[in-house]
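Novice: Residue numbers (our numbering), protein chains in the order written: chain F, 781 to 1040; chain E, 781 to 1040; chain B, 781 to 1040.
The beta carbon of each residue, even a glycine, is placed where N, CA and C say it ideally should be.
These numbers were taken from a predicted model, which means no experiment stands behind them.
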């Protein structure tokens, strides 16, 4: 039985995560549940999109990624089932797949039909339990998407308006795409665009050179590295770059080649 | 092998959750562990009772719900094993089953006997690990309750003194039963007692009408909906009703029919 | 397939825990993952060492404990694989095994060789995903340590400089070894060194006698008990001893026999 991973903003004090899991295990008794993240900031679709993009391909083919950060629950937003690279996504059509798909398109995409896949009583406030969990369970159990909904046009899938990094002959312009628990500022600037001797500007500060690891500088020092997302990352060794520089997600980052 | 769910106030920084899980997996190697909630406010039995009531029936029959929010550990409170509707409860006899049972009685109830089911060294501070986990594992593994303890009178089971909602010809009076992570004020007033055109008073504010979903109002607006517990719920779309109204659990809620 | 437990400081908002789990489940599809603790204070190796020591032997033989609190990632610290009492440890060689091993030595110890066990692209910032997770998965899958690295001298294993409790004819001197979520002050003083009538001094306060359980005193009162680690513990019933006394880890604790 395939894996079902869970990404939510439900926290771990209420019973919501437990209700979702119960719904899945009732419909797909042998499913392997994997908690990825439940402490996404409430309603922060962009953060959930970041998390999803990081885990998407790290799981075996057949894995179902269930993502419920769903400000539009009960409203007009569609419920969606996507397949890409052999993995599945189940969740609201609110742009949360934007980073996982990137510029690409999924292999298949379906609008989940509540009449076909929701539990008997579909609440208006908790589709994670009543719609997405049963759908994810049935996909994990091997049911055909056609039993759960209807195909949709790939172009109709919601996308977040994410800034793209740009490069010219003189410089690279990007931004902070995610701030993690440690206060690391993870940018959207690909490693291949940055030379080891680059000058990096953000938050009114200049950092000279990209180092091999956090440990290349002393504790408490700012450092630029290539992070585990394969992009430029600004950190403070054993500290928080976000706090040090008072910057967060969306902060512009400018990278210039070595000063002459 | 059945599912064992875990509801605790242990948090996820210490090793306590890990010790409980180790004890279960050692005694019932094939058990499926499901984390429901570990961030219940320390000692908040009422919150744990709420969580338990939400998940109880959502799991397959045979599931064992292990709940350890246990201010009375080491004292005179009993250790308890209940069966109701095919699911099991293991935990302290401190009222935490009150909402799951409601007005009803369990099908069977047992006082766990430490001599029969505790590990070799029963600490006075951590029955979650030393008594409840081994008991839950043995129940999950199919052992008879009689091997673990003795039957108790249903009437002797501890119950929380929970306020009950009331209705008269003029109005409905209930209260906030739970405040969730999002600041939603979940009341104990059943959906069937509330008309779509009702006037709702709480925290010095009046809300007119029950809407279909959070998205029926603009972001930042107060809204009354029927929540996923099947009761009246007061929310702020994309915000916290608890913060907006400065009210918490226990806050009285008055519902009157439509104004003439 | 054996159990792989996870102890990290990754938190549960980012995708890091999910990436580690994906790497394990990709390499060892049937592994049973167990979340022990992901909210260790960032970089707090001593807290992680405490957690690991509590869970080490509570899991069945063959269990792999994966611990990633890794300030030295990308630097010179070794990656390590240990075996002790039939359980495995995988993680950085930064002293995190100090409390689990105590004064003892492991049965076998290996330096993980990135060339043999890391994933194709070894980042410099996330060995949890790229090195430790694949190694843990392969150990869980039954591979020989020799396929993953080379034996190391036991004496070369990093150890934290942990204070040891001492006793003389007049008194016992120890310290607070861990402060848990509840504010309990768990000391390193073994139960067998403390008489029920002892006088305990810490944080400018004196506590008279060791009680049987938290419930031996009224709510809000300070109490000394033998905690679930088998050591002296200072608590406030239904409160936080750490807050009450304004003391934390490392605080000296003095125990004297009964006053005449």
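1) For residue 1061 of chain B, would you say it is in contact with chain E, using Cβ-to-Cβ distances shorter than 8 Å as the test?
2) Hey, is residue 796 of chain F's beta-carbon within less than 8 Å of any beta-carbon in chain B?
3) Rounded to the nearest angstrom, what separates residue 838 of chain E and residue 875 of chain E at their Cα positions?
4) Pop quiz: residue 873 of chain F and residue 856 of chain F are said to be a contact at Cβ under 8 Å. What is the actual Cβ separation, rounded to whole angstroms?
5) Using a C-beta to C-beta distance shorter than 8 Å, which residues of chain F count as neighbours of residue 822 of chain B?
6) Rounded to whole angstroms, what is the Cα-Cα separation between residue 893 of chain F and residue 915 of chain F?
7) Is the Cβ of residue 980 of chain E closer than 8 Å to any Cβ of chain F?
8) What separation, rounded to the nearest whole angstrom, lies between the Cα atoms of residue 792 of chain F and residue 814 of chain E?
9) To test your reading of the DSSP string, which unbroken beta strand (DSSP E) runs of 3 or more residues are found completely within the stretch 868–897 of chain B?
10) Could you tell me which chain E residues have their CB closer than 8 Å to the CB of residue 992 of chain B, listed as they occur along the chain?
11) When the distance is taken between beta carbons, is residue 852 of chain F closer than 8 Å to residue 890 of chain F?
12) If you draw a straight line from the C-alpha of residue 971 of chain E to the C-alpha of residue 785 of chain E, how long is it?
13) What do you get for residue 991 of chain B, buried or exposed, if any count of 16 or more other CB atoms within 10 angstroms of its CB means buried?
14) Given a cut-off of 8 Å, decide if residue 940 of chain F and residue 799 of chain F are closer than it, judged by their beta-carbon atoms.
15) What does DSSP give as the partner residue(s) for residue 986 of chain E in the beta ladder?
16) Count the other C-beta atoms from every protein chain shown that fall within 10 angstroms of the C-beta of residue 795 of chain B, then say buried if there are 16 or more, exposed otherwise.
17) By the criterion of Cβ-Cβ separation under 9 Å, what are the contact partners of residue 805 of chain B in chain F?
18) Does the structure place the stretch 920–938 of chain F close enough to the stretch 1021–1036 of chain E that three or more beta carbon pairs sit under 8 Å?
19) Taking the alpha carbon of residue 847 of chain B as the reference point, which residue from B:998, B:1013, B:1019, B:906 has its own alpha carbon closest?
20) Would a check of beta-carbon distances place residue 809 of chain B closer than 8 Å to chain F?
21) Between residue 941 of chain E and chain B, is there a C-beta pair that is closer than 8 Å?
22) Between residue 851 of chain E and chain B, is any beta-carbon pair separated by less than 8 Å?
23) Which same chain residues, not among the five before or five after residue 788 of chain F, have their C-beta less than 7 Å away from its C-beta?
24) Does any C-beta atom of chain F lie closer than 8 Å to the C-beta of residue 871 of chain B?
25) Anything in chain F within Cβ reach of residue 1018 of chain E, meaning under 9 Å, just list it in chain order.
26) What did DSSP end up calling residue 822 of chain B once you bin it into helix, strand or coil?
27) Have a look at the DSSP bridge pairing and note the partners of residue 925 of chain F.
28) Does the CB of residue 1008 of chain B have a neighbour CB from chain E at under 8 Å?
29) Going by the CB atoms, is the gap between residue 898 of chain F and residue 911 of chain F shorter than 8 Å?
30) Pick from E:976, E:918, E:882: whose alpha carbon is nearest that of residue 937 of chain E?
31) Work out the CA separation of residue 953 of chain E and residue 1002 of chain F for me, nearest whole Å.
32) Under a three-way DSSP split, which group does residue 1002 of chain E fall into?
33) Using the beta-carbon of each residue, which ones in chain E are nearer than 7 Å to residue 995 of chain B?
34) Can you tell me whether residue 958 of chain E is buried or exposed? The criterion is at least 16 other CB atoms within 10 Å of its CB, across all chains shown.
35) Can you give me the Cβ contacts of residue 1000 of chain B inside the same chain, cut-off strictly under 7 Å, excluding the 5 residues immediately before and after it?
36) With DSSP collapsed to three states, give me the class of residue 954 of chain E.
Specialist: Reading from the atomic positions:
1) The question about residue 1061 of chain B has no answer, for chain B in this structure spans 781 to 1040.
2) Judged by the 8 Å Cβ criterion, residue 796 of chain F is not in contact with chain B.
3) Distance between residue 838 of chain E and residue 875 of chain E, taken at the CA atoms: about 21 Å.
4) With 8 Å as the limit, residue 873 of chain F and residue 856 of chain F do not qualify as a contact, their Cβ atoms being about 10 Å apart.
5) 961, 962, listed in chain order.
6) The alpha-carbon of residue 893 of chain F is positioned some 10 Å away from that of residue 915 of chain F.
7) Cβ-Cβ to chain F under 8 Å: no for residue 980 of chain E.
8) Roughly 12 Å between the two C-alpha positions.
9) Within the stretch 868–897 of chain B, the complete beta strand (DSSP E) runs of at least 3 residues are 888–892.
10) Taking a Cβ-Cβ cut-off of 8 Å, the neighbours of residue 992 of chain B in chain E comprise 854, 904, given in sequence order.
11) No, the Cβ-Cβ distance between residue 890 of chain F and residue 852 of chain F is not below 8 Å.
12) Rounded to the nearest angstrom, the two C-alpha atoms are 29 Å apart.
13) Its Cβ being crowded by 16 or more others within 10 Å, residue 991 of chain B is buried.
14) It is not a contact, given that the beta carbons lie outside the stated cut-off.
15) Residue 986 of chain E pairs with E:981.
16) Around the beta carbon of residue 795 of chain B, a 10 Å sphere encloses 16 or more other beta carbons of the protein chains shown; the residue is thus reported as buried.
17) Within chain F, the residues near residue 805 of chain B are 783, 812, 814, 838, 839, 840, 843.
18) Using a C-beta cut-off of 8 Å, the stretch 1021–1036 of chain E makes no contact with the stretch 920–938 of chain F, since fewer than three inter-stretch Cβ pairs fall below that distance.
19) Among B:998, B:1013, B:1019, B:906, the Cα nearest to that of residue 847 of chain B is on B:906.
20) Among the CB atoms of chain F, one or more fall inside 8 Å of the CB of residue 809 of chain B.
21) The C-beta of residue 941 of chain E comes no closer than 8 Å to any C-beta of chain B.
22) Using beta-carbon distances, residue 851 of chain E counts as an interface residue toward chain B, with a partner under 8 Å.
23) Correct list, in chain order: 797, 818, 820, 848, 849, 908.
24) Among the residues facing chain F, residue 871 of chain B is not included, as its CB has no counterpart in that chain under 8 Å away.
25) Near residue 1018 of chain E (Cβ distances below 9 Å), the residues of chain F are 822, 823, 851.
26) Coil at residue 822 of chain B, not helix or strand.
27) Assignment of beta-bridge partners to residue 925 of chain F by DSSP yields no partner.
28) Yes, because at least one Cβ of chain E sits closer than 8 Å to the Cβ of residue 1008 of chain B.
29) Cβ distance < 8 Å, so residue 911 of chain F and residue 898 of chain F count as in contact.
30) Selected option, being the one with the closest Cα: E:882.
31) If I take the Cα positions, the gap works out to 58 Å.
32) The answer is strand: DSSP assigns residue 1002 of chain E an E or B state.
33) By Cβ distance, chain E contributes 852, 854, 855.
34) The residue in question, residue 958 of chain E, is buried, as its Cβ has 16 or more Cβ neighbours within 10 Å.
35) Excluding residues within five positions, the ones whose Cβ falls inside 7 Å are 1016, 1017, 1018, 1019.
36) Judged by DSSP in its simplified three-state form, residue 954 of chain E adopts strand.
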